[in-house]
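Participant: If you use mature numbering (1 follows the signal peptide of the UniProt record, and there is no 0), the sequence shown corresponds to residues -27 to -1, 1 to 324, in order. C-beta atoms are modelled at their ideal positions from N, C-alpha and C, and glycine is treated no differently. Values in this document were obtained by computation on a predicted structure and should not be read as measured data. Before we start, here is the structure in question, set down as structure tokens.
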Amino acid sequence: MAKRAFRTSGVAVIFFALTVCGLPAFAQDNVLRVLAWPGYADSDVVKQFESRFNARVQVTFVDSDEALWDKMHAGATPPFDVLAANTAEIHRYTLENLLTPLDPGELPNTQRQLPRFRALSSINGLTENGRIYAIPFTYSSMGLIYDRKQIPDAPRSMKELWNPRYQGKVLDFNSAQHNFSFAALARGYPHPFQLTDAQMRKIARKLVELRRNLLTYYTVPEEATAYFIQHKAALMFGNYGTQQLALLRKAGADVGYVIPEEGALAWLDCWAMTRAATNRPLALAWINYMLEPDVSELLTQRQGLANTLIPPPEYSGDSAHLVWIQPVENIGERESLWSRIVSGDRPERFP
């Protein structure tokens, strides 16, 4: 395979020159403070970065968007330098003036990414006033997982969840935000995250109808795997996407995965530099390092997540229609309606 030529930035040249000359790229007391999700900065990955750039890395892990937000607003001293967050959260941090703009020209490994991830202006939440505030890193779609024995031909539409032939054989994720959004996609609504009151009521009725096919709702991937295998489910809304697919196959299930023709909701986590970062070259080095093939591949091997360099086979190549999640119009209203749907409220009570 021919080697691809990459654009070299001034920062990259400095790193290269210092390494070749046998000089440390950074002083021994330089520290990079990273705020990330578990699996994004494993110890061996961190040690390799520290060795290469003669720096120390302190990683703080979070397990929810709320925890990430709290950490960023806790006034940590010294502050965090880089963070990983999804596109909707990146937009919030940008509006709060907590991030500093990035220049892809200073991140040569962005040239390795798939075209959809280099088209940053087309991804909602990454740019503001023409400036770039985050670089895509990893993602997962929320597609359909199906039992190949019961469904030999891959389902093409999210509407299959409502197919009467799967009565009692459907698993759904217990989430107000995502259920309203994927049902809106299935109905062809152009703005699944910004529904009108009338659309919200129509979607609520559709989700009530879905209960006829429901085996149960699940919350975590391990729970879904157990239900799917023990109760011989046929079809599932895969909120955790390829992570769930990997778990099911590891457990011996003969399952397939598909991105529906309407598209699939997807979250996209990105690396960003905080406005409080004290060493811009080191922060840029981290973001660029995260896009190296070996580092990106670990996401797939260890976490079952997609990386931005190579499309997973389940996604039908780079053309798969993924709809990156965005903030919704009224989370309180969605959660209120969803609690009634889950509790079994009668259809006629959703006018």
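Can you give me the Cβ contacts of Arg174 inside the same chain, cut-off strictly under 7 angstroms, excluding the 5 residues immediately before and after it?
Facilitator: The residues are Phe323, Pro324.
Participant: Is there contact between the stretch 86 to 99 and the stretch 119 to 132, where contact requires at least three CB pairs shorter than 8 angstroms?
Facilitator: Verdict: no, contact absent.
Participant: If I follow the unbroken beta strand (DSSP E) through Phe323, where does it start and stop?
Facilitator: Segment: none, Phe323 is in no beta strand (DSSP E) and carries neither H nor E.
Participant: Roughly how many angstroms separate the alpha carbons of Asn82 and Asn261, rounded to a whole number?
Facilitator: In a straight line, the C-alpha of Asn82 is about 6 angstroms away from that of Asn261.
Participant: Spell out a yes or no on whether the stretch 159 to 176 and the stretch 101 to 113 are touching, meaning 3 or more CB-CB pairs, one atom from each, closer than 8 angstroms.
Facilitator: Verdict: no, contact absent.
Participant: Rounded to a whole number of angstroms, what is the C-alpha to C-alpha distance between Tyr230 and Thr215?
Facilitator: Going from the Cα of Tyr230 to the Cα of Thr215 covers about 8 angstroms.
Participant: Does Trp259 come within less than 8 angstroms of chain C when only Cβ atoms are used?
Facilitator: Absent from the structure is chain C; it holds one protein chain and no more.
Participant: With distance defined between alpha-carbon atoms, name the residue in Glu39, Asn136, Leu5 nearest to Arg29.
Facilitator: Ranking the options by Cα distance to Arg29, first place goes to Leu5.
Participant: In angstroms, rounded to a whole number, what distance separates the CA positions of Asn59 and Val296?
Facilitator: Answer to the nearest angstrom: the Cα atoms are 13 angstroms apart.
Participant: State the DSSP-derived secondary structure class of Met246, mapped to helix, strand or coil.
Facilitator: In this structure, Met246 counts as strand in the three-state DSSP scheme.
Participant: According to DSSP, residue 331 sits in a beta bridge with which residue or residues?
Facilitator: In the structure as shown, the chain begins at -27 and stops at 324. Residue 331 is therefore absent and cannot be evaluated.
Participant: Quick one: which unbroken beta strand (DSSP E) runs of 3-plus residues sit fully inside the stretch 12 to 72? Chain order, please.
Facilitator: Correct list: 29 to 34, 55 to 59.
Participant: So, Ala57 versus Ala127, is the Cβ gap smaller than 8 angstroms?
Facilitator: No, the pair does not count as a contact, with Cβ atoms beyond the cut-off.
Participant: Under a Cβ-count criterion, where at least 16 other Cβ atoms within 10 Å of its own Cβ denotes burial, should Asp43 be classed as buried or exposed?
Facilitator: It is exposed - the Cβ of Asp43 has fewer than 16 other Cβ atoms within 10 Å.
Participant: Starting from Tyr230, trace the beta strand (DSSP E) both ways and give me its first and last residue.
Facilitator: Here the beta strand (DSSP E) through Tyr230 covers 228 to 231.
Participant: Using a Cβ distance threshold of 8 angstroms, determine whether the stretch 263 to 274 contacts the stretch 7 to 24, with at least three qualifying pairs required.
Facilitator: Touching, yes.
Participant: Let me confirm a value: Ala171 is counted as buried when at least 16 other C-beta atoms fall within 10 Å, else exposed. Which label applies?
Facilitator: Result: exposed.
Participant: Just reading off the alpha helix (DSSP H) that Thr198 is part of, what are its end residues?
Facilitator: Taken as a continuous stretch (DSSP letters only), the alpha helix (DSSP H) holding Thr198 covers 194 to 203.
Participant: DSSP three-state label for Asn6, please.
Facilitator: Looking at the sequence shown, residue 6 is not Asn but Arg. Three-state result, Arg6: strand.
Participant: I need the straight-line Cα distance from Tyr112 to Thr281, nearest angstrom please.
Facilitator: If I take the Cα positions, the gap works out to 8 angstroms.
Participant: Is Ala245 closer than 8 angstroms to Tyr66 when the C-beta atoms are compared?
Facilitator: In contact: Tyr66 and Ala245 (Cβ atoms closer than 8 angstroms).
Participant: Thinking C-alpha only, which one of Gln167, Tyr139, Glu39, Leu241 is nearest Phe210?
Facilitator: It is Tyr139 whose Cα lies nearest to the Cα of Phe210.
Participant: When the Cα atoms are used, what is the spatial distance from Gln167 to Asn3?
Facilitator: Each residue's Cα considered, the two are about 45 angstroms apart.
Participant: Taking the alpha helix (DSSP H) that Met173 falls in, what are its first and last residues?
Facilitator: It spans 170 to 183 - the alpha helix (DSSP H) in which Met173 sits, taken as one unbroken run.
Participant: For Thr189, which of helix, strand or coil comes out of DSSP?
Facilitator: Here Thr189 sits in strand by DSSP.
Participant: Apart from the five residues on each side of it in sequence, which residues of its chain come closer than 7 angstroms, Cβ to Cβ, to His204?
Facilitator: Same-chain partners within the cutoff: Leu188.
Participant: Would you decide whether Cys(-7) is buried or exposed? Buried here means 16 or more other CB atoms lie within 10 Å of its CB.
Facilitator: Any reading at Cys(-7) needs caution, since the residue's pLDDT is 36, under 50, leaving its predicted position unreliable; the model's value is listed next. By the neighbour-count rule (16 or more Cβ atoms within 10 Å), Cys(-7) is not buried but exposed.
Participant: Relative to the C-alpha of Ser114, which residue among Pro286, Ser309, Asn102, Ile314 is closest?
Facilitator: The candidate whose alpha carbon is nearest that of Ser114 is Pro286.
Participant: Based on the DSSP secondary-structure assignment, which residues constitute the bridge partners of Val296?
Facilitator: Its beta-bridge partners are Leu238.
Participant: Hey, Phe146 and Tyr200 are a contact pair by Cβ (cut 8 angstroms); roughly how many whole angstroms apart?
Facilitator: The pair is not a contact, with the Cβ atoms about 12 angstroms apart (cut-off 8 angstroms).
Participant: List the DSSP bridge partners of Tyr119.
Facilitator: DSSP lists Leu208, Gly229 as partners of Tyr119.
Participant: Please list, in chain order, all residues of the same chain as Arg184 whose beta carbon is under 8 angstroms from its beta carbon, the five residues on each side excluded.
Facilitator: Excluding residues within five positions, the ones whose Cβ falls inside 8 angstroms are Ile314, Gly317.
Participant: Could you tell me the distance, in whole angstroms, from the CA atom of Glu234 to the CA atom of Met263?
Facilitator: Approximately 32 angstroms, taken between the alpha carbons.
Participant: Run through DSSP, which three-state label would Leu278 get?
Facilitator: Residue state, collapsed to three classes: coil.
Participant: Looking only at its own chain, which residues have a Cβ that is under 7 angstroms from the Cβ of Ala197, when we skip the five neighbours before and after it?
Facilitator: Counting only Cβ-Cβ distances below 7 angstroms, and skipping sequence neighbours, we find Leu144, Tyr191, Met209, Gln217.
Participant: DSSP on Tyr112, reduced to helix/strand/coil?
Facilitator: Residue state, collapsed to three classes: strand.
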